[in-house]
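Per our numbering, the sequence shown runs over residues 80 to 184. C-beta atoms are modelled at their ideal positions from N, C-alpha and C, and glycine is treated no differently.
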Amino acid sequence: MLIWGYNSKYLNLGIKFSDNCQSCGGVQDKRLILYYRYAHLYYYFRVIYEKQYLIECDFCGCFYKVSTHETEKLNGPPPIPFMDKYGALVLCGFVVMFFFGLLLL
Ligand SMILES: [Zn+2]
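Right under this line is the structure:
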């Protein structure tokens, strides 16, 4: 039986700062969050198909979208878990090793 599906995660990047909030007004603490969606096979082999950086206001909880390109340019690549980022490549590696093993028999 083939088990596959889609899911999403919020990843707190640990970057905090204070800025003016457009929703609740005033200067509030905010943090940078990465939201990404992925497809999975057997819940383990994953591939990310959508990624969005968000700034969350700690006071009212509203989100603002920020540019992915600019955010990664300033902060470097995000600390996405290995199997979320490269799970599909690991699966491809297993398939290649399986067929390579069949050739050796
Ligand atoms: Zn706010």
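The residue from E149, Y85, L170 and D108 with its alpha-carbon nearest to that of C136 is D108. Per DSSP, the beta bridge partners of A118 are Y85 and V126.
The Cβ atoms of C100 and F138 sit closer than 8 Å to each other. The beta carbon of S102 sits closer than 7 Å to the beta carbons of C136, C139 and C141 from its chain, once the five residues preceding and following it are set aside; these are given in chain order. Non-local beta-carbon contacts of M162 in its own chain, meaning distances under 8 Å to residues more than five positions away in sequence, involve Y123, F124, R125 and V169 in chain order. Per the CB criterion, closer than 6 Å to any heavy atom of ligand 1, the qualifying residues run in chain order as C100, S102, C103, Q107, C136, F138, C139 and C141. The C-beta distance from R110 to N91 rounds to 6 Å, short enough to fall under 8 Å.
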